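**Student:**
There are 4 protein chains.
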Amino acid sequence: MIVAEVSIAPFGVGTSLSRYVKEAVKALRASGLKVTPCPMGTVLEASDLASIFKAVERAHDAVRAAGGERISITLKVDARYDKDASAEEKLRSIGEL
Amino acid sequence: MIVAEVSIAPFGVGTSLSRYVKEAVKALRASGLKVTPCPMGTVLEASDLASIFKAVERAHDAVRAAGGERISITLKVDARYDKDASAEEKLRSIGEL
Amino acid sequence: MIVAEVSIAPFGVGTSLSRYVKEAVKALRASGLKVTPCPMGTVLEASDLASIFKAVERAHDAVRAAGGERISITLKVDARYDKDASAEEKLRSIGEL
Amino acid sequence: MIVAEVSIAPFGVGTSLSRYVKEAVKALRASGLKVTPCPMGTVLEASDLASIFKAVERAHDAVRAAGGERISITLKVDARYDKDASAEEKLRSIGEL
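Chains as they are written, first to last, in our numbering: chain R, 1 to 97; chain A, 101 to 197; chain P, 201 to 297; chain S, 301 to 397.
See the structure below:
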C-alpha cells in the first residue's frame, strides 16, 4: 500500500491559491484513488506508485490548464511492502483515531 | 499566521515507526501550539515561525530520547502575512469543510 | 523545463543508507535524464513531468530490489513554462555560478 | 552533525524568484553556518538543530523584508548521531566525490 501527500501550487498568480488547489484536488479525485484533503497537502492512497504519479500528473495538468506558468509540486511517499497500512491505520497506530 | 506540517522519523529502528511518531506528537502537543495529526505528518499552527521551530526541536529531542540515532525531519511551512488563514480556513477555502 | 529533486531511502535497514542511495542514483542515471547528486537529494532535469516520474519509479524499484521493505520518497518539482531554466541557470540567476 | 536543505520562496511576486532567493542565501550565509546553494535548495551544515532553525528564520525574515507576503518554506533535515557525516561525506559515501 502506498500512502502519499502532494501539494501543488503556481507561483506568479497572487497570494491566493485556493482556485488552483481546488482544480488540483478535483483532478486528483478524478483519478479514482482515495483522496483526503489536509491543511498542507492532499493525501492519496494507491496500491502502486505509478497510480500516485499518474494522479499527480493530472493535478499538475489541471493547474497548468487553469493558468499556472510556474508550478511547484511537493510529494512525500510512504511505500510499505512489510504490511498493508492505509492512511487511516497510520493514524490509528499512533492512537489518533 | 503560520501553518506548517512536520514529519519526523528515525532510520535504523525497523520499519515500524509508530512508537517514535507517538513521542513526537506528544512533544508537539506539549509545546502548546494547535496540533493536528494527519496521515503523512502533523499540522502545527502558530503566530510566528520561531514557535514552530521550537516545537519541532522538542519533537526531535523526544525521538532522540526514545533511541533515534539518525532522525529525518521534513517540514513544510506556509507563512502568510496577507491574511490570517488557519489550517481550518485553508480547507474551507477549497470547499473541503 | 522541469527541474526536480528526489530523495529515496528505506526504513528498517539500519542507519547507513549509502548502499541504497547508490542503487537509486544508478537507476536515475539509467533513465537517460540529466542527473546531479547533491547532499540531500538528486537533481533531475527533463522536458516533461512524466519523464521525472518514470525515473523516480525506476529508482524506487531499485531500492525495493535491494531489499527496501518501507521506502520513503520526497520529491520537489519546479515546473516552469514561462521560461526554459535549467538547474545550472537556476544557480546562475542567484549569482552562484 | 546536522545536514539540511531549505527552499524559501514567496507567492504573489511573479514567477521570477531569484531576487528573493538571493536575499535568503545571503541571510543563510550571515548565520555563519556552512552554506552550499544547490539547484532546488540550499544545503546547511551545523552541529545542532537549533542553529539550522535560527539560520532558516533569518532567511525567512530576509524574504519578508524584501516584500514577501506569503512565504513557502520546505526544509529537510538529516540529523545523525551515529556518525559525524558532513554533506561532502554524504556524497563521497555514494561514490559521487
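All C-beta atoms in this analysis are idealised placements derived from N, C-alpha and C, irrespective of residue type, glycine included. Keep in mind it's a predicted model, so treat the numbers as computed, not measured.
#1: Whether or not the segment 346–365 of chain S and the segment 323–333 of chain S are in contact is what I'm after, with contact meaning three or more pairs of Cβ atoms, one per stretch, closer than 8 Å; do they touch?
#2: Which word fits A:Lys176, buried or exposed, when buried means at least 16 other C-beta atoms lie within 10 angstroms of its C-beta?
#3: Determine, for P:Leu217, whether the minimum Cβ-Cβ distance to residues of chain R falls below 9 Å.
#4: Quick check on this structure: which residue in P:Ala209, P:Val203, P:Ile202, P:Met201 has the alpha carbon closest to the alpha carbon of A:Arg170?
#5: Closer than 9 Å, CB to CB, is S:Gly291 near chain P or not?
#6: Residues of chain A with a CB under 7 Å from the CB of P:Thr274: which are they?
#7: CB-CB under 7 Å to S:Met340, same chain, minus the five flanking residues each way: which ones, in chain order?
#8: Any beta carbon from chain R within less than 9 Å of S:Ala330's own beta carbon?
#9: Beta carbons nearer than 7 Å to chain S: which residues of the segment 132–159 of chain A have them?
#10: Would you mind giving the Cβ-Cβ distance between R:Val35 and R:Leu49, rounded to the nearest angstrom? I have them listed as a contact below 8 Å.
#11: Closer than 8 Å by C-beta to A:Leu133: which residues in its own chain qualify, once you throw out the five before and the five after it? Chain order, please.
#12: Closer than 9 Å, CB to CB, is A:Asp184 near chain S or not?
#13: Are the beta-carbon atoms belonging to A:Gly112 and S:Asp382 less than 9 Å from one another?
#14: Is there a C-beta anywhere in chain A that falls below 9 Å from the one on P:Val213?
#15: Taking 9 Å as the CB-CB cut-off, is P:Ile271 touching chain S?
#16: Can you tell which of P:Ile294, P:Val221, P:Arg280, P:Gly267 has its C-alpha closest to the C-alpha of S:Glu396?
#17: At least one CB of chain P closer than 9 Å to the CB of R:Val25: is that the case?
#18: Report, in whole angstroms, the separation of the C-beta atoms of P:Ser218 and S:Ser331, which I expect to be a contact under 8 Å.
#19: Any beta carbon of chain A sitting closer than 9 Å to that of R:Ala4?
#20: Could you tell me the distance, in whole angstroms, from the CA atom of S:Gly368 to the CA atom of A:Ala179?
#21: Assuming P:Val203 contacts P:Ser286 under a Cβ cut-off of 8 Å, what Cβ separation, rounded to an integer in Å, is found between them?
#22: Can you tell me the Cα-Cα spacing of R:Glu5 and A:Glu188, whole angstroms?
#23: May I have the straight-line CA-CA distance separating P:Thr242 from A:Met101, to the nearest angstrom?
#24: Name the chain A residues whose beta carbon is nearer than 9 Å to that of S:Tyr381?
#25: In this structure, how does DSSP classify R:Val21 when only helix, strand and coil are distinguished?
#26: Mind checking if A:Val199 is an interface residue toward chain S, Cβ cutoff 9 Å exclusive?
#27: Which residues of chain S have a Cβ atom closer than 7 Å to the Cβ of P:Ile294, listed in chain order?
#28: Quick one: residues in its chain with C-beta nearer than 6 Å to the C-beta of P:Ala266, no 5 flanking neighbours on either side, listed in chain order?
**Tutor:** From the atom records:
#1: yes
#2: buried
#3: no
#4: P:Ala209
#5: In this structure chain S extends from 301 to 397, so residue 291 of chain S is not present and cannot be described.
#6: By Cβ distance, chain A contributes Thr174.
#7: Ser307
#8: no
#9: Leu149, Ala150, Phe153, Glu157
#10: About 16 Å; that fails the 8 Å criterion.
#11: So the list reads Leu144, Glu145, Ala146, Ser151, Ile152, Ala155, once near-sequence residues are dropped.
#12: no
#13: yes
#14: Yes, P:Val213 lies at the interface with chain A (some Cβ there is under 9 Å from its Cβ).
#15: no
#16: P:Val221
#17: False, the Cβ-Cβ gap to chain P never drops below 9 Å.
#18: With 8 Å as the limit, P:Ser218 and S:Ser331 do not qualify as a contact, their Cβ atoms being about 28 Å apart.
#19: yes
#20: Roughly 10 Å separates the two Cα atoms.
#21: 7 Å
#22: About 18 Å.
#23: Their Cα atoms are separated by approximately 33 Å.
#24: Arg164, Gly168, Glu169, Arg170, Ile171
#25: helix
#26: Chain A is shown only over 101 to 197; residue 199 of chain A falls outside these bounds and no answer can be derived.
#27: Ser318, Val321, Lys322, Val325, Pro337
#28: Tyr220, Glu223
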